[in-house]
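Working notes for the structure below.
There are 2 protein chains.
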Amino acid sequence: MHEKERHRIILSAVQDRPVVTVQELVALTDSSEATIRRDIAQLHVQKKLRRVRGGAESIHPPQFVGLAGRPFSVNETINIAQKRAIAQKAVELCEDGDAIIINGGTTTFQMVHPLATKRCQVFTNSFPIAEHLLKNSKNTIMLSGGVIYREQNIILSPFDNDVTRNFYAKRMFMGAQGLGPLGLMEADPLLIQAEQKLIGQADELVVLADSSKFSARSSLILCPLERISTVITDDGIPDSAANMLEQADIHLIVAETSAAQTKATSNG
Amino acid sequence: MHEKERHRIILSAVQDRPVVTVQELVALTDSSEATIRRDIAQLHVQKKLRRVRGGAESIHPPQFVGLAGRPFSVNETINIAQKRAIAQKAVELCEDGDAIIINGGTTTFQMVHPLATKRCQVFTNSFPIAEHLLKNSKNTIMLSGGVIYREQNIILSPFDNDVTRNFYAKRMFMGAQGLGPLGLMEADPLLIQAEQKLIGQADELVVLADSSKFSARSSLILCPLERISTVITDDGIPDSAANMLEQADIHLIVAETSAAQTKATSNG
DNA sequence: TCAAAAACGATCAATATCAATCATATTGCG
DNA sequence: CGCAATATGATTGATATTGATCGTTTTTGA
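For the protein sequence lines, the chains are A and B, in the order given. For reference, each letter of the first sequence is one residue, going 1 to 268 in our numbering. For reference, each letter of the second sequence is one residue, going 1001 to 1268 in our numbering.
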């Protein structure tokens, strides 16, 4: 077996599993320990893997380093204040007993905190949302079935899901990649398919989009503006976008993120 | 077993329960106390867990202990050694790439630890099993859709679930309330309905039942003995039960528990 | 309080892994 | 064909890890 061939096998083995032993690679490549060690040493200086006693491990974090459970550690902290304020407004629309659909996403995930005190029937395709609500609230949780995609933490099914078809909700909450005159934009075709199914199961569609989403564009249109009942955004929304929504007869809710909450909030 | 591998298992075990004993980890990793102590000490200085007398505890706050969400805090520790040994044997039947169904339960939950090093396609109706495997393994996880029942931590759907119908597995693993001449017994009619659906989706039915289950009885029969391919139990199984299974042409696997390996009892 | 049991830490032998060296095989070239 | 260069495999001494033992400390229970 050629050197390159072994390297290919070693790298693929290391990427599969968090750690591969020299012995396993010996068996896998049918070569000697000495050769495998030499290979590992080479790949180590090439930074293709990390050499450890007994074998080699992937150079990438073995997935639970920080103890997985942080749903979307990367995106979650972007515009977190706006997302939280928006999510708060979204939950304020919900009353105990309501049946709602929450589509997975970093903004909608922020709804879990204010939702903790509610008792709604929540249908979601997001594993982290279901997990959090299950552990920290008394809401009834319904989950869509299918494969759990780790990257998005979303559950997708290639098949029609009767659970989805039989659940009908007052409102569906969802985020988006972008929001423009053409409608709601999304990047991933797979997500679009799943989300379109869900949209059909709710009376009102409530879109949670921080103000940066009005300038963001994506190539795929999820649904036209007419389908949207309500948009919740933050006070950074440009006038043009507000006008656009007004003309489309969309109810606009602006969540105030600054300390200046002097506006039309009537509290008791 | 290698250092990294053990660390993986230890961290994954610590995540399950607020505290894990050295003995449990010895059983789980099949290594010595000294090694486990050294590992715990290492992970402690790495701040991956906290070292305490008797074992290790999660570094994260207990959070929701009283609330629903902790998988099976009550049942989980009953016959834990037997359940673990049984689960270990069950996982030994699985090879990378296998499609398997794991029905929710306290015994089947113990499969998550040995499964951490596998790469199977796992279909389950158990939220905790899905959660753990999602966070601590590279298995592909498929979840059935429906309402999450907090009491059992099981996902049930009143409707037919196409995800379920379209997933066909080599083996299905399940626990039971009881196992007698009439077949597999279960207590809850709702569970029976869901489990019967799943049973139809697998070639072989593997039942995980610690030896106490042979004396336990329940009012409802889930399926007859003929449907069962394999039973995995511990070495406390009475001869009468072993004979019953043998006559039903069921493959019997006996997992030896460390406690029962001492044959002579000095005092009665 | 004391005694028994469990858990711990240190030490040492057994084992596994490693690095270095040498031997062998294959290839390329004169 | 002979020879050198390279790659691979085998051997050996060095090093690291593991498991067992033993004495000490902590916990448990009377």
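Ideal Cβ placement from N, Cα and C applies to all residues, glycine included.
Check, Outcome
"Residues from the segment 1140-1156 of chain B in contact with chain A, defined by Cβ distance under 9 Å", "Thr1140, Ile1141, Met1142, Leu1143, Ser1144, Gly1145, Gly1146, Val1147, Ile1148, Arg1150, Asn1153 and Ile1155"
"Interface residues of chain B facing glutamate 24 (chain A) [CB-CB closer than 9 Å]", "Here the premise fails: no neighbours, minimum Cβ distance about 10 Å."
"Burial state of histidine 1251 (chain B) (16 or more Cβ within 10 Å)", "exposed"
"Under the three-state DSSP convention, the category leucine 1067 (chain B) falls into", "Because the pLDDT of leucine 1067 (chain B) is 39, which lies under 50, any placement of that residue in the model is unreliable, and the number read from its coordinates should be weighed accordingly. Coil, per DSSP."
"Span separating the alpha-carbon of proline 1071 (chain B) from that of serine 240 (chain A)", "Note that proline 1071 (chain B) has pLDDT 49, beneath the 50 cutoff, so the model's placement of it is unreliable and the number below is only indicative. Distance between the alpha carbons of proline 1071 (chain B) and serine 240 (chain A) is about 50 Å."
"Every unbroken alpha helix (DSSP H) inside the segment 141-203 of chain A [4 residues or more]", "162-166 and 189-199"
"Closest Cα partner of leucine 1281 (chain B) within the set B:Met1244, B:Ala1255, B:Ile1100 and B:Val1122", "Nothing can be reported for residue 1281 (chain B), as the shown portion of chain B is limited to 1001 through 1268."
"Neighbourhood of alanine 81 (chain A) by C-beta distance below 6 Å, restricted to the same chain and skipping five residues each side", "Thr257"
"Threonine 1233 (chain B) - DSSP class collapsed to helix/strand/coil", "strand"
"Any chain B beta carbon closer than 8 Å to glycine 54 (chain A)", "yes"
"Same chain, Cβ closer than 7 Å to glutamate 1033 (chain B), five either side skipped, listed in chain order", "Val1022 and Val1026"
"Residue interval of the alpha helix (DSSP H) (run including glutamate 1057 (chain B))", "Premise fails: glutamate 1057 (chain B) lies in the beta strand (DSSP E), 1055-1057, not in any alpha helix (DSSP H)."
"8 Å Cβ shell around arginine 1008 (chain B) - same chain, five flanking residues per side excluded", "Ala1116, Thr1117 and Asn1136"
"Under 9 Å from the C-beta of histidine 1132 (chain B): neighbouring residues of chain A", "Going along chain A, no residue has its Cβ under 9 Å from histidine 1132 (chain B), so there is no contact; the nearest lies around 10 Å."
"Neighbouring residues, chain A, relative to histidine 1002 (chain B) (Cβ below 8 Å)", "Val19, Thr21, Gly54 and Gly55"
"C-alpha distance - alanine 209 (chain A) paired with glycine 178 (chain A), whole-angstrom precision", "8 Å"
"With 16 other Cβ atoms within 10 Å as the buried cut-off, status of valine 1052 (chain B)", "exposed"
"Residues that aspartate 96 (chain A) contacts on chain B, provided the C-beta gap is smaller than 9 Å", "What aspartate 96 (chain A) touches in chain B: nothing, since even the nearest Cβ is about 17 Å away."
"Residue-level contact to chain A via CB, arginine 1008 (chain B), 8 Å cutoff", "yes"
"Chain A contact residues for arginine 1119 (chain B), given Cβ-Cβ distances below 8 Å", "Asp16 and Arg17"
"Close Cβ partners of glycine 105 (chain A) (< 6 Å) along its chain, the five nearest in sequence each way excluded", "Gly175"
"Beta-carbon neighbours of glutamate 1005 (chain B), restricted to chain A and to distances below 7 Å", "Val19"
"Phenylalanine 127 (chain A) at chain B interface by Cβ criterion, 8 Å", "yes"
"In chain order, each beta strand (DSSP E) run of at least 3 residues that lies wholly inside the segment 79-114 of chain A", "99-102"
"8 Å CB neighbourhood of serine 1126 (chain B) in its chain, flanking five on each side removed", "Ile1102, Asn1103, Gly1104, Gly1105, Thr1108, Phe1109, Asn1153, Ile1154 and Ile1155"
"Whole-angstrom distance between alanine 1041 (chain B) and glutamate 5 (chain A), CA atom to CA atom", "39 Å"
"Own chain, CB closer than 7 Å to serine 218 (chain A), minus 5 neighbours either side, in chain order", "Gln177, Gly178, Met185, Glu186 and Ala187"
"Bridge partner(s) assigned by DSSP for serine 126 (chain A)", "A:Ile154"
"Burial state of tyrosine 1168 (chain B), where buried means 16 or more other Cβ atoms lie within 10 Å", "exposed"
"Asparagine 1267 (chain B) burial status per 10 Å Cβ neighbour count (16 or more: buried)", "Reliability fails at asparagine 1267 (chain B), whose pLDDT of 34 lies under 50, so the model's placement of it is uncertain and no value is given."
"Nearest residue (CA-CA) to phenylalanine 1232 (chain B), options B:Ser1012, B:Leu1011 and B:Gln1088", "For the sequence presented, residue 1232 (chain B) should be read as isoleucine rather than phenylalanine. Nearest of B:Ser1012, B:Leu1011 and B:Gln1088 to isoleucine 1232 (chain B), Cα basis: B:Gln1088."
"Nearest neighbour of glutamine 15 (chain A), chosen from A:Ala56, A:Ile129, A:Val45 and A:Phe123 [CA to CA]", "A:Ala56"
"Secondary structure of isoleucine 1250 (chain B), DSSP reduced to three states", "coil"
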